[in-house]
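Residue numbers (our numbering): 70 to 340. Think of the CB as a built atom: it goes at the ideal place given N, C-alpha and C, for glycine as much as any other residue. Report on one structure; see the data block that follows.
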């Protein structure tokens, strides 16, 4: 399952990295950038089995529940447009699934390594993001919006009497969480501050970009989202820990190859 909003930077390597693992992609997309064209090209030219639907921006929990209803297979891989799997993780995950009791239901957790600013910096001293990335389908599953310390999150609600939890203590890939175009980073920063405001604005026909610009003027004193995004990128690169291959292993080759293409140097000419 892939829920997407404006992920043109990494959607291609994200989908290609799991092409030998998944039987189908169910993509629900709310993008206003080039993401839909990239997804369709991968379907038509790379032969990926993609079920695609564009829907207006709104509740992420609702979107994920709609995706669940469209899936065809027992095992569900939770995926975003900025996750990239390591090459050796495909065989690892397949072997794990084959070793499990087919009569049971499972929630499988593992750590993603979160990258911020560029591919050479991790998001913190402990840059691990752990959730149930793989699970078996049941009609009892449901995504729900919850609030924690004033922030809104979308969580999968699963009955633990039915599901067995499996934790993998191994980094299987990276989450390019904050390795994005400046405008995208600025919008994300503002969206986390006011998710409900963004959702309400979308219902009124106001784009995320428009609403973000209005919020930016309130918070940063400028509506220039690219300027704000470049500030965020420079601040992350200056302050965050460097990626350490001796500790985390090699980056996925797809990540390095796409980064080295040069198209990600958004702020080099920004003062």
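Taking 8 Å as the cut-off, does the region 148-157 touch the region 237-253 (at least 3 CB pairs, one atom from each stretch)? Enough Cβ pairs lie closer than 8 Å, so yes.
For residue 125, which three-state DSSP category applies? Residue 125: coil per DSSP, three-state reduction.
In angstroms, rounded to a whole number, what distance separates the CA positions of residue 287 and residue 300? One C-alpha to the other measures close to 17 Å.
Rounded to whole angstroms, what is the Cα-Cα separation between residue 115 and residue 320? If you draw a straight line from the Cα of residue 115 to the Cα of residue 320, it is about 23 Å long.
Runs of beta strand (DSSP E) wholly within the region 142-171 (minimum 3 residues, chain order): Taking only runs of at least 3 residues, the beta strand (DSSP E) segments lying wholly in the region 142-171 are 144-146, 152-154.
To the nearest angstrom, report how far apart residue 159 and residue 89 are at their CA atoms. Here the C-alpha atom of residue 159 lies approximately 7 Å from the C-alpha atom of residue 89.
Reference residue 255, options 239, 273, 280, 269, closest by Cα: When the alpha-carbon of residue 255 is set against those of 239, 273, 280, 269, the nearest one is in 280.
Identify which residue in 270, 103, 236 has its Cα closest to the Cα of residue 177. The shortest Cα separation from residue 177 among 270, 103, 236 belongs to 236.
Among 210, 249, 142, 144, which one has its Cα closest to the Cα of residue 102? For the options 210, 249, 142, 144, the alpha carbon positioned closest to that of residue 102 is the one of 249.
Determine, using beta carbons only, whether residue 80 and residue 108 come nearer to each other than 8 Å. Their beta carbons are under 8 Å apart, which means residue 80 touches residue 108 by this criterion.
If we call anything under 8 Å between Cβ atoms a contact, is residue 251 one with residue 188? For residue 251 and residue 188, no; Cβs fall outside 8 Å.
Considering only their Cβ atoms, is the gap separating residue 292 from residue 282 smaller than 8 Å? Yes; because the gap between Cβ atoms is below 8 Å, this pair is in contact.
When the Cβ atoms of the region 201-210 are set against those of the region 257-274, are three or more pairs found closer than 8 Å? By the C-beta criterion, the region 201-210 is judged not to be in contact with the region 257-274, since fewer than 3 inter-stretch pairs fall below 8 Å.
Using the DSSP secondary-structure output, state which residues sit across from residue 177 in a beta bridge. Partner(s): 203, 235.
With distances taken from CA atoms, which of 270, 133, 185 is nearest residue 304? Scanning 270, 133, 185 for the CA closest to the CA of residue 304 turns up 185.
Give the single residue among 334, 333, 323 whose Cα lies nearest to the Cα of residue 85. It is 323 whose Cα lies nearest to the Cα of residue 85.
I need the DSSP call for residue 98, collapsed to helix, strand or coil. Looking at residue 98 - three-state DSSP - the assignment turns out to be strand.
Ordered along the chain, which non-local residues of its own chain (more than five positions away) have a Cβ less than 7 Å from that of residue 91? Only 146 meet the Cβ criterion.
Beta-carbon contacts of residue 269 that lie in its chain and below 8 Å, excluding the five residues immediately before and after: By the criterion of a C-beta distance shorter than 8 Å, residue 269 is surrounded by no residue of its chain, once the five residues flanking it on both sides are discounted.
Using a threshold of 8 Å, state whether the C-beta atoms of residue 121 and residue 98 are closer than that. Cβ distance < 8 Å, so residue 121 and residue 98 count as in contact.
Which runs of the beta strand (DSSP E) spanning at least 3 residues fall entirely within the region 225-287, listed in chain order? For the region 225-287, whole beta strand (DSSP E) runs of length 3 or above, ordered along the chain, are 232-236, 242-247.
Considering Cα atoms alone, identify which of 126, 113, 123, 224 is closest to residue 200. It is 224 whose Cα lies nearest to the Cα of residue 200.
If you compare alpha carbons, which of 309, 75, 179, 329 is closest to residue 125? Among 309, 75, 179, 329, the Cα nearest to that of residue 125 belongs to 75.
Assign residue 303 to one of three DSSP states: helix, strand, or coil. Residue state for residue 303 is assigned as helix, using DSSP reduced to three classes.
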